[in-house]
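Mapping of the sequence shown onto my numbering: position 110 corresponds to residue 137, and the numbering continues sequentially without gaps. By construction, the Cβ of each residue, glycine as well, lies at the ideal position given by its N, Cα and C atoms. Note that this is a predicted model, so its numbers are computed, not measured.
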Amino acid sequence: MAFLPNGIISLLSDLGHTDPSVGIIKGKIHSRYRQATIVDLCHLVPVQDVTWASYALWSSYKHFPAGTVHCAIVDPRGGNKGKILCVETAGHIFVAPDNGVLTNLTREGARAWALDLERVPVAPVRHSWHTRDIIAPVGALLASGKLSIEDVGAVETEPFQLDLAETIRNETSTQGGIVGEDRFGNLFTSLTEMDLPDGTHPHEYVAEFGDQVVRLVNSYRDVEPGELLALFNGFGLLEIAIRNGQAARKIEWSRGTPVTVRLQD
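Okay, here's the thing in structure tokens:
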């Protein structure tokens, strides 16, 4: 699907709301494209947690109409220092540092270009804030249709990749890993409902991690208060939770802890 700009720009960052940073970024966007519709996807990504952000971005962009530009700003100091990528997939464009935040997209075959500031002058550029000086104005130019992604620079064939949990499938089970926790203490994993074998229903499965075996349910109401559960959350990711509790505080886990979803015995 070709990218046809619709004027929407989403923002994902770890900047929080305690200073003017987010407002300044929006001002830079409107300075380049006054008619832009800006959507705050999230500004409370755990600080510098690129892995968390990569899953948040990947699981969220599909809820936007094709033609949206997504600007992701989390820890621009990691990965390939100073390099900014523009990535296109399924009629969407993403502008972000080359630090792995786009890993889930590029490993699915999204095309990437490395931004060349000689081709796309967005001066003045201060080395300490690429979000304001580069990502925001480039996102605005792409969203307005004044800039084509093919004109931002050379094709990037080796974008920086995070070491994310590998998905391992067979006829009766799929293995992934725990990615992180949300602010409610629920754990989310790398697995989606699409990772289950075709023709099966999620509630035919249980989730295994460590020494725990948890049944998959429709909602929190399907278990008693304090009981452990697993379900596919609103972002389409398998979530491990405790009704009226915090799974992240009650069970032992770390990022990458294997999680297997298998057919019930």
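Status (buried if at least 16 other CB within 10 Å, exposed otherwise) for residue i
i           : result
residue 197 : exposed
residue 59  : buried
residue 245 : exposed
residue 55  : buried
residue 180 : buried
residue 211 : exposed
residue 195 : exposed
residue 258 : buried
residue 130 : buried
residue 109 : exposed
residue 208 : buried
residue 216 : buried
residue 186 : buried
Nearest-angstrom Cα separation, counted from residue j out to residue i
i           : j           : result
residue 159 : residue 202 : 39 Å
residue 93  : residue 188 : 25 Å
residue 79  : residue 289 : 25 Å
residue 81  : residue 284 : 17 Å
residue 62  : residue 34  : 7 Å
residue 118 : residue 278 : 40 Å
residue 91  : residue 240 : 35 Å
residue 220 : residue 148 : 43 Å
residue 116 : residue 97  : 11 Å
residue 260 : residue 200 : 19 Å
residue 32  : residue 51  : 23 Å
residue 184 : residue 138 : 8 Å
residue 30  : residue 178 : 14 Å
Nearest neighbour of residue i, chosen from the options [CA to CA]
i           : options            : result
residue 193 : 246, 282, 173      : 282
residue 127 : 83, 238, 96, 267   : 83
residue 236 : 99, 265, 253, 190  : 265
residue 120 : 148, 85, 109       : 85
residue 77  : 204, 118, 271, 190 : 190
residue 270 : 123, 276, 254      : 254
residue 99  : 232, 223, 125, 90  : 125
residue 123 : 88, 166, 136       : 166
residue 218 : 149, 129, 267, 57  : 267
residue 182 : 216, 207, 141      : 141
residue 46  : 171, 252, 275, 70  : 70
residue 262 : 272, 173, 87, 73   : 87
Residue i beta carbon near the ligand FAD (any heavy atom closer than 8 Å)
i           : result
residue 129 : Among the components modelled here there is no ligand, and therefore nothing to report on the ligand FAD.
| In chain order, which continuous runs of the beta strand (DSSP E) of length 3 or greater are located wholly inside the region 84 to 124? | 96 to 100, 111 to 116, 119 to 124
| Is the region 65 to 72 close to the region 37 to 47, with three or more CB pairs under 8 Å? | yes
| message | What ranges does the beta strand (DSSP E) occupy inside the region 135 to 204, keeping only unbroken runs of at least 3 residues that lie completely in it? | response | 138 to 141
| request: Could you pull out every unbroken beta strand (DSSP E) segment of at least 3 residues lying fully inside the region 39 to 93, listed in chain order? | output: 64 to 69
| query | Which runs of the beta strand (DSSP E) spanning at least 3 residues fall entirely within the region 232 to 272, listed in chain order? | reply | 232 to 236, 239 to 242, 255 to 259, 264 to 269
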